[in-house]
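K.L.:
Quick one: structure below, then a few questions.
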Amino acid sequence: MGACLGACSLLSCASCLCGSAPCILCSCCPSSRNSTVSRLIFTVFLFLGVLVCIIMLSPGVESQLYKLPWVCEEGAGTPVVLQGYIDCGSVLGHRAVYRMCFAMAAFFFLFSLLMICVRSSQDPRAAIQNGFWFFKFLVLVGITVGAFYIPDGSFSDIWFYFGVVGSFLFILIQLILLIDFAHSWNQRWLGKAEECDSRAWYAGLFFFTFLFYSLSIAAVALMFIYYTQPNACYEGKVFIGLNLTLCVCVSITAILPKVQDAQPNSGLLQASVITLYTMFVTWLALSNVPDQKCNPHLLTHLANETVLAGSEGYETQWWDAPSIVGLVIFLLCTLFISMRSSDHRQVNSLMQTEECPPMLEATQQQQVAACEGRVFDNEQDGVTYSYSFFHFCLVLASLHIMMTLTNWYRPGETLKMISTWTAVWVKICASWAGLLLYLWTLVAPLLLPNRDFS
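All letters in the sequence shown, in the order written, are residues -16 to -1, 1 to 438 by mature numbering (1 follows the signal peptide of the UniProt record, and there is no 0).
Written as structure tokens, this is what we have:
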């Protein structure tokens, strides 16, 4: 009997992976909305690709990748030394990340095109979105294998520019998510303070606002100390000073009486979050300045120190503080995209989502009670998010993580692993665009009083 039950369980899970509606009437899936589960599984696909990229950057795996064609310009299996101290494996690792992220971006872009104008789960394409996970995983693996057989040539150069544009857009998406998170946070705590008639909630808001501004000021001081010199690094000084000035301006704007009247939910908490994120993006930009005097993270600076010390070899170090923090923020924002609910208005607008009507929400609650232990279809009357735009966000996420893991180096441009001013200007421009976007959310109700910005 036990063996029979085990076989039935395996068959049920197999149908979950291979069926057209895997998580609608499946006991092996958790009790949740079908739309949420689908987003989470696609996000797991993305995270698996990120994990593969991280593994490919490790020196032990890089040595095995010599067996693949076109990965090393001097031929497979032949160790090549660049500038006498950087092994070809370091370039190889970056090229592997480029190909892995190309495969992920191509996979999600394919689904973005396939899911255009899907209105409800009654559309046959919705079954592809919410099912056939095993076959979709095989498609991703097939695209990945094919990507490693792309001749290098100008591939890295061209794909670098795709990564630049995609990363720029995803930085803006991260900012939108942070704005939404800060608005939701501020609104909930103010609501709790009014309900409980307690000043503790106000004290909490004040504490975190003060904390974020303190961290921002500390970041400015540290950037001036480590990324500038008294008689040099003028670009870095301008970037830090200008972004600090802009952050002060948006903070003052957020508490102006007219802005407060038009936007009652605006406040210093949101401005402090935006200020801290702007300083983080500024830090990322300064970490790519191709000047040894102005950038302590520069790879060539570390390599030259090793050569001067008389070391026979040099092991490249890809993981620095900006990359680690950027990876953590990327993971959190991607999860937020996948698990966001109808309470997050900015994300709903971004994902082209409509809030669930009360009657439909009550119907869904009845479905949850009736389908305990299973995932139910909550999109029969209409999709809860734009399938196509969700996949497009994952395309941008794939490009952004490619640039983050490779520190914006260009393995196709030159054999020298150096930073470029392109990376600096893209990040700085993204910080400016983000500040202007937040400023627009503050002043738009004043400039366009006839429109509803609630």
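By construction, the Cβ of each residue, glycine as well, lies at the ideal position given by its N, Cα and C atoms.
Any idea which residues DSSP pairs ALA216 with across the strands?
P.N.:
The residue you call residue 216 lines up with position 232 of the sequence shown. Partner(s): GLN213.
K.L.:
Classify ARG172 as buried or exposed, calling it buried when 16 or more other Cβ atoms lie within 10 Å of its own Cβ.
P.N.:
The residue given as residue 172 occupies position 188 in the sequence shown. Counting Cβ neighbours within 10 Å, ARG172 comes out exposed, since fewer than 16 surround it.
K.L.:
Run through DSSP, which three-state label would ARG17 get?
P.N.:
Here the question's residue 17 lines up with position 33 in the sequence shown. Strand, per DSSP.
K.L.:
What residue range is occupied by the uninterrupted alpha helix (DSSP H) comprising ASP164?
P.N.:
As a position in the sequence shown, residue 164 is number 180, starting the count at 1. 139 to 180 is the extent of the alpha helix (DSSP H) around ASP164.
K.L.:
Leaving out five residues before and five after THR128 in sequence, what residues of the same chain have Cβ atoms less than 7 Å from its Cβ?
P.N.:
Position 144 of the sequence shown, counting from 1, holds the residue named residue 128. If we look at THR128 and ignore the five residues flanking it on each side, its Cβ neighbours are MET84 and ALA87.
K.L.:
Need the endpoints of the alpha helix (DSSP H) that ASP365 sits in, please.
P.N.:
For this step, residue 365 is matched to residue 381 along the sequence shown. Per DSSP, ASP365 belongs to no alpha helix (DSSP H) and is neither H nor E.
K.L.:
Measuring straight from C-alpha to C-alpha, what distance separates ALA269 and PRO241?
P.N.:
Mapped onto the sequence shown, residue 269 falls at position 285. Mapped onto the sequence shown, residue 241 falls at position 257. Rounded to whole angstroms, ALA269 to PRO241 spans 34 Å at the Cα level.
K.L.:
When you compare the region 211 to 220 with the region 378 to 391, are there three or more beta-carbon pairs, one atom per stretch, that lie closer than 8 Å?
P.N.:
Touching, no.
K.L.:
Please list, in chain order, all residues of the same chain as THR262 whose beta carbon is under 7 Å from its beta carbon, the five residues on each side excluded.
P.N.:
Here the question's residue 262 lines up with position 278 in the sequence shown. Excluding sequence neighbours, THR262 sits near ASN227, CYS231, SER415, GLY418 and LEU419.
K.L.:
Sorted by chain position, which residues of the same chain lie with C-beta nearer than 8 Å to PHE208's C-beta, five sequence neighbours on each side aside?
P.N.:
Counting from one through the sequence shown, the residue named residue 208 turns up at place 224. Excluding sequence neighbours, PHE208 sits near LYS221 and ILE224.
K.L.:
I'd like to check one pair, ALA246 with LEU430: are the Cβ atoms closer than 8 Å?
P.N.:
Within the sequence shown, numbered from 1, the residue matching residue 430 stands at position 446. Within the sequence shown, numbered from 1, the residue matching residue 246 stands at position 262. Going by C-beta atoms, LEU430 is nearer than 8 Å to ALA246.
K.L.:
Out of VAL408, LEU316 and ILE201, which has the shortest C-alpha to C-alpha gap to PHE165?
P.N.:
As a first step, residue 165 is located in the sequence shown; it is residue number 181 there, counting from the start. Checking every option, the nearest Cα to that of PHE165 belongs to LEU316.
K.L.:
Relative to the C-alpha of PHE91, which residue among ASN434, TRP424, VAL427 and LEU378 is closest?
P.N.:
Taking the first residue of the sequence shown as position 1, residue 91 is located at position 107. Ranking the options by Cα distance to PHE91, first place goes to LEU378.
K.L.:
Below 8 Å between beta carbons: does that hold for PHE320 and THR259?
P.N.:
Reading the sequence shown from its first residue, position 336 is the one you call residue 320. Reading the sequence shown from its first residue, position 275 is the one you call residue 259. No, they are not a contact pair.
K.L.:
Excluding the 5 residues flanking GLN113 on each side, which residues of the same chain have their C-beta closer than 8 Å to its C-beta?
P.N.:
As a working mapping, residue 113 is identified with position 129 in the sequence shown. Once the five neighbours on either side are set aside, the close Cβ partners of GLN113 are SER22, PHE95, MET99, VAL102 and TYR371.
K.L.:
Compute the beta-carbon to beta-carbon distance between THR237 and VAL427, rounded to the nearest angstrom, for a pair I have assumed lies under 8 Å.
P.N.:
The sequence position of residue 237 within the sequence shown is 253, counting from 1. The sequence position of residue 427 within the sequence shown is 443, counting from 1. Right, the Cβ-Cβ distance comes to about 7 Å (below 8 Å), so this counts as a contact.
K.L.:
Please state the DSSP three-state secondary structure of GLY130.
P.N.:
Translated into positions along the sequence shown, residue 130 becomes position 146. Helix.
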